[in-house]
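Heads up, the thing below is written out as structure tokens.
In this note's numbering, the protein residues as written are 936 to 1177.
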């Protein structure tokens, strides 16, 4: 599997179907694996935060979550075949997992959201096994119990929706202890599946303008998208060898 490096962070060159195939391999191996879905905002932050960059580059798979990553890869001469977002990967794995009797655990988002998201996926994928859920507002002293619950549930895949980069740091810190074959940070995916947030229409996604749709619906995101022009300038400096 080939990769490219954007502002020092690795991104693997693969399609959504290929990502699902890699997850099959990880589950067959049975050892813990970390998957990062990388967007431009986090790539820029990682360029200025060595610890985060190390977490990303140690991950077993890094997918291109966002139009900014595709743009950067093209500019750097290593084009990527398509976006592989957290929610698209989650839904694809749910479909595959329902056929293979994989067990899933959902951790993150506000109280009740993980359960609602899991229930929707079960409706859409008959036979899907939900091994457990937990919300993302647990106090620090509840963490040992959460870890014990996840281990007891024996999931094949753990979805963590704590927001980036908190979810990446959390997975990296607990991956070996959990022993879960696959752990994936999926950002706000639970909110979308639970109906708490709305994803952009398919035509907006095809135009790679999902980020703009989110800003228009949630103006508070403007501060986060302020990183995008900085990301683009940093990429252009990388293109020029700066």
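Glycine is no exception: its CB is placed at the ideal position from the N, C-alpha and C atoms.
Answer yes or no: do residue i and residue j have a C-beta to C-beta separation smaller than 9 Å?
i, j, result
"residue 1019", "residue 991", "no"
"residue 1039", "residue 1054", "no"
"residue 1167", "residue 1001", "no"
"residue 1082", "residue 1113", "yes"
"residue 969", "residue 993", "yes"
"residue 1017", "residue 951", "yes"
"residue 1037", "residue 1024", "no"
"residue 1071", "residue 1088", "no"
"residue 959", "residue 936", "no"
Whole-angstrom Cβ separation of residue i and residue j, contact assumed at under 8 Å?
i, j, result
"residue 996", "residue 954", "7 Å"
"residue 1124", "residue 962", "Contact doesn't hold; Cβ gap of about 20 Å is too wide."
"residue 1043", "residue 1097", "5 Å"
"residue 1095", "residue 1106", "6 Å"
By a C-beta neighbour count over all protein chains shown, 10 Å radius and 16 as the cutoff for buried, is residue i buried or exposed?
i, result
"residue 966", "exposed"
"residue 1116", "buried"
"residue 1067", "buried"
"residue 1069", "buried"
"residue 1090", "buried"
"residue 1174", "exposed"
"residue 1076", "exposed"
"residue 1130", "exposed"
"residue 975", "buried"
"residue 1079", "exposed"
"residue 1176", "exposed"
"residue 1126", "buried"
"residue 1108", "exposed"
"residue 999", "buried"
"residue 1047", "exposed"
"residue 1171", "exposed"
"residue 1151", "Residue confidence for residue 1151 is low, a pLDDT of 49 falling below 50, so the modelled location carries little weight; the figure read from the coordinates is stated next. Burial call: exposed."
Locate the alpha helix (DSSP H) running through residue i, then write down its first and last residues.
i, result
"residue 1002", "1002 to 1010"
"residue 1113", "1101 to 1113"
"residue 1029", "1021 to 1035"
"residue 1083", "1078 to 1088"
"residue 1048", "1048 to 1059"
"residue 1124", "1124 to 1128"
"residue 987", "985 to 993"
"residue 1073", "No alpha helix (DSSP H) contains residue 1073, which DSSP labels as neither H nor E."
"residue 1167", "1162 to 1174"
"residue 960", "951 to 964"
Which stretch, first to last residue, makes up the beta strand (DSSP E) that contains residue i?
i, result
"residue 1038", "1038 to 1043"
"residue 945", "944 to 947"
"residue 971", "969 to 973"
"residue 1093", "1092 to 1096"
"residue 996", "996 to 999"
"residue 1117", "1117 to 1120"
Near residue i, what residues of its chain come up, given a Cβ to Cβ distance below 7 Å and the 5 sequence neighbours on each side ignored?
i, result
"residue 979", "942, 1162, 1165, 1166 and 1169"
"residue 1110", "967, 969 and 1118"
"residue 1050", "1068"
"residue 1128", "1052, 1055 and 1056"
"residue 1059", "none"
Whose C-beta lies closer than 6 Å to the C-beta of residue i among residues of the same chain, with five residues either side of it excluded?
i, result
"residue 1093", "1040, 1115 and 1118"
"residue 1121", "1021, 1025, 1094 and 1096"
"residue 1065", "1039 and 1053"
Can you list, in chain order, the residues of its chain whose CB lies under 8 Å from that of residue i, leaving out five sequence neighbours each side?
i, result
"residue 987", "977, 980, 981, 1100, 1103 and 1104"
"residue 939", "945, 946, 948, 1008, 1011, 1013 and 1015"
"residue 964", "1116"
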